[in-house]
Every structure is written in structure tokens, then in C-alpha cells.
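Protein sequence lines, in the order shown, are assigned to chains A and B. My numbering puts the first residue of the first sequence at 54, with every later residue one more than the last. My numbering puts the first residue of the second sequence at 54, with every later residue one more than the last. Built from N, CA and C at the ideal position, the CB exists for glycine as well. Here the structure is a predicted model, which is why all the values come from computation and not from measurement. Here is the structure we will look at.
There are 2 protein chains.
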Amino acid sequence: MYFDRLISYLHTMEHKFRCECPITSALDILGDKWILVIIKQMLIEDKKTFKDFTESDEAIATNILASKLKCLEELGIVSKIQLPENRKTNLYLLTEKGLALTPIIVELSIWSDENVRELNSIMRDSPEIAVMKSNKNKFIAMIQSNYKERNSYALKTLAND
Amino acid sequence: MYFDRLISYLHTMEHKFRCECPITSALDILGDKWILVIIKQMLIEDKKTFKDFTESDEAIATNILASKLKCLEELGIVSKIQLPENRKTNLYLLTEKGLALTPIIVELSIWSDENVRELNSIMRDSPEIAVMKSNKNKFIAMIQSNYKERNSYALKTLAND
DNA sequence: TCAAATTACTTGCAAATTGAAAGTTATATC
DNA sequence: GATATAACTTTCAATTTGCAAGTAATTTGA
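What follows is the structure, encoded as C-alpha cells:
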């Protein structure tokens, strides 16, 4: 039947969920090696262009990066935009849905500092972990407002569509 | 050289970390389709035997389950024990390191409730999400103490080794 | 007490995913 | 106009995932 093809074309790609569980459904999206690393790079390492991501410590392959960014865009976690003054460079920015992942990133940091450090001899020290623990909510709000501030120009462009 | 073999035998299996970043290192352990699902099943669905896990909604394959449980044990996130009264059944219990993942599970629930529900039409309602949001710390403590209470007998056995 | 059932796996193989390297296209810079 | 840069795509090999079937060690029930 043509219907199936048509529908799958309109949706571009439907996400597959394993079951009714909210936690498992979150992991159907976030549960892989790269998705949250990319979110972290945007949120706290100020990466926003395709090139930025390829130059990171984690050294993601370009084909994987392209497929993950496409997936994040389709899910509404990231928006892809172009500034009028540069038609070569694309910007990938976190949406509100993406920014709402900050608490998860913060909890991963804390757990890692306390439980993974002993397993990874090269892990770097993060002095901000103490601040993070002393007032989580404030720290989360700070990360999010910093993100919005440093991308305010591009985010404005995004709003005018 | 024999040395390489000997060393890898003593460690059973070293975990590979991509870089110095604490968040990426956490994801080197937790960033896959199954690990956090298994933790969730132990923490809030009271699963503890190999059979319990195979009967869950997520329907994990037995070979994958065996390999993930082995990995979790090697990382010190889960302990495998046997009660003296049943030599057939093994119990898999969360260690303190595993219980410390509770905040991550809670944040995944909240993000999912607010951002994934719209994408997964079959996702179940979780009335406890409201309670969770109103007092996260209390909710986390409750999940952890419930876990310890209902497994207190087996955890005692574990302590006597 | 011994055959059937149960638990905890392991094995073999096919399918899907990941990743390294090289190639392509469109823009920007010199 | 030539070179460089950004953002991909393609190809193919390697790794991982997953289904299905098989095995070994208890435990249960007649």
C-alpha cells in the first residue's frame, strides 16, 4: 500500500519506543553513547557548529555526528539555523526541551565525580562540582541562563521564523 | 608477550574511557540502551533474579542481559549473591554506587513526563511524578530506603562475606 | 527416587549499528 | 580565479545487538 510510505515520508522518521514506561522511553531517546555527550558539548562547552563538534575531545565521526544531529532536530531537542551573514555555517542550538536536560547532565556530573573517578585515572578535576552540590537548583539555572545569554543573537534569529 | 594477557586476566575487563571529561566518562558506563533500564527495574520494579529481568516489559534478550549484569558487577554497581537456602537462584542487588544513581533516574522521569509523553502515545501516566517534583530529595531518599528495607535480609547476607 | 520443570546462563548466526577514511558540494576568502 | 573551509555523504569493514536454540545445575512433584 502507498499509504504506509506516504505517512513515513511525512513524519521523516518515527521514534521507536520499547514500552509504556516513562524512564525507558526517555532512554529510548537518550540511551546511547553520543546523544548526551552532544548535549553536554552545546550546554557547557559552547559548541554549536558541525565543525565545533568534530573538534571535541571525544572525536566523534562525521557520519555519526550528522545522524545524531538529525535525530535531535527531529525530536525537537535541537534547532538547526543559519545566520543571514553566513550561508556556509549552520548553527545547532538547544530548544527548551534540550535545555530541560540540564538537571540530568548535572546529576551525571555528581555521580561521576563520586563513583567513576576511581575507575578513570585520567579524569579531570572539576572544582565546580562542590558549588554544584551546595546548590543544585541555582547551578542549573546558571548554566541555562548562561546558555541563553551567549546565544541570544542567534536565538533571536530563530524566533523570527 | 605474556604480560598483556596476564594483566587483562587479573582485571577481567578494563573499562574504556573516551577522554578526561567526567560527564563523558559517566556516559561511557551508563550511555547505552540497557544499563539504566536494568538499574530502574531493580530500584523501582523490585527485579532481582535473572528470570525477573527476562520477564519485564522491555523484553531484554538473555545474552544481552548476562553481559550487562556481568559488566555492572565488574564496575561495582551491582553485587551478585546467593542465599544459603536456594543454590539455584542468584540475586542481583544494587550497591551504594548503584543506589547513588537514583537522582539520575528521577531526573529522567521528570524530563520524560514533560518532554517525551507527546512523542510516545502509549506512555503510562505516573501520578507520583507530581510528588517527585514537589520534593525531589525526599522522593529520592524514599526510593533508596524502600530498596534497602525490602532487600534487608539479602543485603545482610552480603555483608557477612 | 527419578522424571519433569525451573533457573541461569552460553552458543551460533543474522541483522543492525558504528566508525574510519575518502569523496562531494556549496560557500567564503585571498 | 584558485584555494580553503564547512557541512555533509558514501563506502566498506568491524563491532554490537538480538533472536533462537541449546546446556548445566538445581529443585520440585508423583
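**Message:** For residue 85(A) and residue 124(B), I'd like the C-alpha separation in whole angstroms.
**Reply:** Looking up residue 85(A) in the first sequence gives position 32. Looking up residue 124(B) in the second sequence gives position 71. Cα to Cα, the separation comes out at about 16 Å.
**Request:** Classify residue 121(B) as helix, strand or coil using the three-state DSSP reduction.
**Result:** Numbered from 1 along the second sequence, position 68 holds the residue referred to as residue 121(B). Helix.
**Asked** Looking at the C-beta of residue 75(A), does it have a partner C-beta in chain B at a distance below 8 Å?
**Response** For the purposes of this step, residue 75(A) is identified with residue 22 of the first sequence, where counting begins at 1. Chain B, which has a Cβ nearer than 8 Å to the Cβ of residue 75(A), makes this yes.
**Item:** For residue 133(A), the three-state DSSP class (helix, strand or coil)
**Value:** On the first sequence, residue 133(A) is found 80 positions in, with the first residue counted as 1. Annotated three-state conformation of residue 133(A) is strand, per DSSP.
**Request:** Examine the Cβ distances between the region 97–109 of chain B and the region 121–139 of chain A and report whether three or more of them are shorter than 8 Å.
**Result:** no
**Prompt:** Beta-carbon separation of residue 75(A) and residue 110(B) under 8 Å?
**Reply:** Sequence index remark: in the first sequence, residue 75(A) carries index 22 (1-based). Sequence index remark: in the second sequence, residue 110(B) carries index 57 (1-based). At least 8 Å separates the beta-carbon of residue 75(A) from that of residue 110(B).
**Asked** Based on the DSSP secondary-structure assignment, which residues constitute the bridge partners of residue 144(B)?
**Response** Within the second sequence, numbered from 1, the residue matching residue 144(B) stands at position 91. Looking at the DSSP output, residue 144(B) shares a beta bridge with 134(B).
**Item:** Separation of residue 67(A) from residue 93(A), as counted between CA atoms
**Value:** Translated into the one-based positions of the first sequence, residue 93(A) becomes position 40. Translated into the one-based positions of the first sequence, residue 67(A) becomes position 14. Each residue's Cα considered, the two are about 25 Å apart.
**Item:** Interface flag, residue 36(A) vs chain B, CB-CB below 8 Å
**Value:** Since the first and last residues shown for chain A are 54 and 214, residue 36(A) lies out of range.
**Closest Cα partner of residue 119(A) within the set 181(A), 183(A) and 88(A)** = Translated into positions along the first sequence, residue 119(A) becomes position 66. Measuring from the Cα of residue 119(A), the nearest candidate turns out to be 88(A).
**Residue from 142(B), 162(B), 129(B) and 161(B) whose Cα sits closest to the Cα of residue 151(B)** = Looking up residue 151(B) in the second sequence gives position 98. Closest by C-alpha distance to residue 151(B), out of 142(B), 162(B), 129(B) and 161(B), is 129(B).
**Request:** Go ahead and pull the three-state DSSP assignment for residue 90(B).
**Result:** Here residue 90(B) refers to the residue found at position 37 when the second sequence is read from its first residue. The answer is helix: DSSP assigns residue 90(B) an H, G or I state.
**Item:** Cross-chain neighbours of residue 124(B) in chain A, by beta carbon under 7 Å
**Value:** On the second sequence, residue 124(B) is found 71 positions in, with the first residue counted as 1. Result: empty, since nearest Cβ-Cβ is about 12 Å, beyond 7 Å.
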